[in-house]
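Counting in my numbering, the sequence shown runs from 2 upward without gaps.
Glycine included, each C-beta is placed from N, C-alpha and C at the ideal position.
In what follows, a structure is listed as structure tokens, so that the remarks can point back to it.
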Amino acid sequence: MLEFDQAPISLGLYPLVRDHQRHIILTGMGTSHFAALPSWRRLVAAGKPASWVDTENLLENPQLVTRDSLLVVTSRSGSGGHVCALTDGLGRTMNPAAVMAITDDPASPLAAVADCEVLLRSRTSGSPKGFLNALIAHDYVASMILKEDNADVSGTARIVATATLPAKLREIAARVAAQQDSRLAYAGCGEHAAAALYAALLTNEATESVAEGHIVGQHRRDLVRRADAKLTAVLFGSHRGPHAALRALAGDLLAAGSNVVVVGGADVPGSIYVPRHTGHVGAEVAHNVVVIEHFVAALAT
């Protein structure tokens, strides 16, 4: 996992995040975009005007980037097609106040146009498994913007280091792998949706199982309509309070004959409940990410 004393942060970061730009735009593609979701919610909850827009949509709607915007672009390679199109558009179709790059490559086109960069050093820019570093980097940057203590980063590292695959999830993985034409769906509440979206992408890349990722409260009807006995749904709950939408989704999936696993939050009657570490929400999400990586590894074996 990323260690900030070993992963250089350019000195331009500090005045940049304290310059109080009126609008913060978090953008990226795939897992790089998913990694920004918890921090976006954190910024909005703190009263900061912030947007979470994938780079493809941002390119189609350049007017979203105003002259008072801090544009935070996450791309581990820093040279993907959409990112290069974005960098080409800077100064022409987009004129933000400043650009921050969160990337693995300091020599990338993205880093070259950025006012400051956070280097991930995940060494896995071509694989989703660098996701955890991007997630933690965003949490760190959000703490800087909000002038909040970022000591949670070291606490998160300790929690992640001890994360293992719970026995119940190991059993579920074996069952799914053994079932012909099995399907997986992941859905998460709030910040935990980042883990669900990442889980689906990683499952599709690393296994033969078909998976989809959802944010609880969105596209519920589509998921329920396709639900049957071959579907296993892994739902990530929140310990910050009961989530009616998650309980309703779980109930509908159970009624359709699907297997439902609830990780964290409150137990749902009829589901398989897996308790989770509780604490700082960033640590909870990071813990889920590591558990998911273990779960997908078990699916693939």
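Collapsed DSSP secondary structure at residue i in the structure displayed
i, result
"H240", "coil"
"G79", "coil"
"A212", "strand"
"V74", "strand"
"A249", "helix"
"S126", "Low per-residue confidence applies at S126: pLDDT is 48, beneath 50, and the placement is therefore not dependable enough to give any value."
"N289", "helix"
"V142", "helix"
"T28", "strand"
"N62", "coil"
"V269", "coil"
Beta-carbon separation (whole angstroms), residue i vs residue j, contact threshold 8 Å
i, j, result
"G79", "S109", "3 Å"
"I146", "I25", "7 Å"
"H83", "E118", "With a Cβ gap of about 18 Å, H83 and E118 do not count as contacting."
"D116", "L17", "6 Å"
Test item: CB-CB of residue i and residue j under 7 Å
i, j, result
"Y301", "T208", "Here residue 301 is Ala; the residue named in the question, Tyr, does not match the sequence. Yes. Within cutoff."
"V310", "A212", "Here the chain covers residues 2 to 302 and nothing more, so residue 310 does not appear."
"G29", "S76", "yes"
"V66", "P107", "no"
"R19", "D69", "no"
"A135", "S239", "no"
"A86", "L60", "yes"
"A112", "A99", "no"
"F296", "A175", "no"
"H215", "L202", "no"
"K169", "V291", "no"
"A143", "L44", "yes"
"G271", "A230", "no"
Range covered by the beta strand (DSSP E) that runs through residue i
i, result
"I10", "Segment: none, I10 is in no beta strand (DSSP E) and carries neither H nor E."
"S52", "51 to 53"
"L91", "Here L91 belongs to no beta strand (DSSP E), and DSSP marks it neither H nor E."
Residue span of the alpha helix (DSSP H) that contains residue i, given as start and end
i, result
"A220", "The sequence shown places His at residue 220, rather than the Ala named in the question. Premise fails: H220 is in no alpha helix (DSSP H) and is neither H nor E."
"A102", "Element bounds for A102: not the alpha helix (DSSP H) but the beta strand (DSSP E), 99 to 104."
Does the stretch 128 to 147 come close enough to the stretch 243 to 256 to have 3 or more Cβ pairs within less than 8 Å?
no
Kindly confirm or deny that the stretch 183 to 192 and the stretch 225 to 240 touch, where touching means at least three C-beta pairs closer than 8 Å.
yes
Taking contact to mean 3 or more Cβ pairs, one atom from each stretch, closer than 8 Å, check whether the stretch 33 to 40 and the stretch 186 to 203 are in contact.
yes
Could you tell me whether the stretch 261 to 273 touches the stretch 209 to 229, using the rule of 3 or more Cβ pairs below 8 Å?
no
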